[in-house]
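In what follows, a single structure is set out as structure tokens and then discussed.
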Amino acid sequence: MSSTHLPEDARSIRGQYGRETVEFARLVNLSDAVFAIAMTLLVLGLAVPDVRTDQLAGELARTLPQLAAFVLGFALIGNVWWQHHKLFARLARLDRRLVALNLAFLGAVAMAPFPTGLLGSYPTSRATVIPFIGIFLLLGSLFLAMVCHAQRRAAWAQPMPAAIYPWVLAGWLGSLALLIVALAVAFAAPVLALAVLVLSSAPEAVVARRAPAGYRHWS
Numbered sequence: 001m002s003s004t005h006l007p008e009d010a011r012s013i014r015g016q017y018g019r020e021t022v023e024f025a026r027l028v029n030l031s032d033a034v035f036a037i038a039m040t041l042l043v044l045g046l047a048v049p050d051v052r053t054d055q056l057a058g059e060l061a062r063t064l065p066q067l068a069a070f071v072l073g074f075a076l077i078g079n080v081w082w083q084h085h086k087l088f089a090r091l092a093r094l095d096r097r098l099v100a101l102n103l104a105f106l107g108a109v110a111m112a113p114f115p116t117g118l119l120g121s122y123p124t125s126r127a128t129v130i131p132f133i134g135i136f137l138l139l140g141s142l143f144l145a146m147v148c149h150a151q152r153r154a155a156w157a158q159p160m161p162a163a164i165y166p167w168v169l170a171g172w173l174g175s176l177a178l179l180i181v182a183l184a185v186a187f188a189a190p191v192l193a194l195a196v197l198v199l200s201s202a203p204e205a206v207v208a209r210r211a212p213a214g215y216r217h218w219s
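Going by this note's numbering, the sequence shown opens with residue 1, and the numbers climb by one from there.
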């Protein structure tokens, strides 16, 4: 008998969890909680100045790097959450490997506030820009691994068309390639590397213009 026709308890024994199971819901809830905590922790790098009123303007100006790092980190993590949300909305079931990949992915999300805080304190240092870019390169790589595994195991609620899958890979691989370029640039020009990081979604936008109909639903 196919595992897709087994009752929920039997599928769970074999490590298969349908989207109506408690296990699926718990993983989604855990994922959203980790994202929420990570995005909230970003603001802890913004301290309220404890100075006289006549010194407040100057002190606020000195906090602009921390504020910029918060905005950048929040936007990037928010985009990662949106991609993760779309992925899980299209899944019909989980298996143990997909759960493990997602836990590794969440570990990287939970780590993101640390390099973001470093970036706010030392925005032009390659020692802070490199780990900041590196954490998002790791997140992108783990996310792509989850997409590939879901496609290989046919875990979608609706099958991804064979003609669409290469384009999905091209979009993500293009973005990861640009992140690798940003990481390399950071060794010589950290500020320029951050500009390249901001443009890391550009390859996916280019692919979207050339991809066949239906690509945007899966991108």
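Built from N, CA and C at the ideal position, the CB exists for glycine as well.
Predicted, not measured: the structure shown is a model, and the values here were computed from it.
Residue j beta carbon less than 8 Å from that of residue i
i: residue 193; j: residue 182; result: yes
i: residue 90; j: residue 157; result: yes
i: residue 65; j: residue 126; result: no
i: residue 28; j: residue 88; result: yes
i: residue 173; j: residue 202; result: no
i: residue 123; j: residue 163; result: no
i: residue 185; j: residue 196; result: yes
Own chain partners of residue i with C-beta closer than 7 Å, once the 5 adjacent residues on each side are dropped
i: residue 112; result: 38, 73, 77 and 135
i: residue 151; result: 160 and 165
Where the alpha helix (DSSP H) containing residue i begins and where it ends
i: residue 238; result: Any property of residue 238 remains undetermined from this structure, which presents the chain solely from 1 to 219.
i: residue 32; result: 22-41
i: residue 118; result: 113-121
i: residue 141; result: 126-152
i: residue 90; result: 64-90
i: residue 203; result: 202-210
i: residue 218; result: 215-218
i: residue 197; result: 190-198
Closest Cα partner of residue i within the set the options
i: residue 40; options: 63, 29 and 71; result: 71
i: residue 21; options: 93, 82 and 33; result: 93
i: residue 107; options: 120, 138 and 124; result: 138
i: residue 85; options: 208, 25, 173 and 68; result: 25
i: residue 99; options: 131, 216 and 23; result: 23
i: residue 83; options: 141, 44, 119 and 209; result: 141
i: residue 209; options: 168, 198 and 187; result: 168
i: residue 18; options: 204, 144 and 95; result: 95
Residues of its chain near residue i, where Cβ-Cβ distance is below 6 Å and the 5 sequence neighbours each way are ignored
i: residue 115; result: 131, 132 and 135
i: residue 69; result: 116, 119 and 120
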